[in-house]
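Below: the structure, in structure tokens.
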Amino acid sequence: MKKGINITLICIMVTIFCSTTHFNAEPTSDNDIELLLIPYKKILANLSNEYGIEMYVPEENKELFFNSIQDMTPQVFEKRLRQQYKEAKIYINQSTGESDVFYPQPIPNANQDILAIPLR
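Under this note's numbering, the first residue of the sequence shown is numbered 95, with each subsequent residue one higher.
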């Protein structure tokens, strides 16, 4: 009789524990994305300080940015960002002859100047 009660209690406890724990099936919640972006945001901050410009991810584009870099390691991301900055600087130097001025700038191979406006 005692054995039957113990087995019944164990079964009830296992059932209760299994029903109260569950797996969160949504892997891309805002908190998850925020945590996964930390190394990339550190790279953006370091490059911003190094180059003297502001590099950041707007809040509304956080998920889009994450989807575009999720297959990239932080090292590859930094290398690509440095390369893109150097290419952009070449176009700026060609268009104005100055290296520290970013606004307004013409688009390369364009017939007219299109002013670049900071998105703040």
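Even glycine gets a Cβ: it sits at the ideal position worked out from N, Cα and C.
Query: In its own chain, which residues sit with a C-beta less than 7 Å from the C-beta of Pro168, not counting the 5 before and 5 after it?; Result: Pro133, Tyr134 and Ile137
Query: Count Cβ pairs between the stretch 155–167 and the stretch 123–133 that sit closer than 8 Å; are there 3 or more?; Result: yes
Query: Under three-state DSSP, which class holds Ile158?; Result: Ile is not the amino acid found at residue 158; the sequence shown has Leu there. Helix, per DSSP.
Query: Distance check for Leu141 and Gln177, CA to CA, integer angstroms please.; Result: 12 Å
Query: Take Glu148 and list the residues in its own chain whose beta-carbon comes closer than 7 Å to its own, dropping the five residues that flank it on each side.; Result: Ser142
Query: At the level of alpha carbons, what is the spacing between Tyr185 and Leu175?; Result: 16 Å
Query: Take Glu128 and list the residues in its own chain whose beta-carbon comes closer than 8 Å to its own, dropping the five residues that flank it on each side.; Result: Lys156
Query: CB-CB under 8 Å to Asn161, same chain, minus the five flanking residues each way: which ones, in chain order?; Result: none
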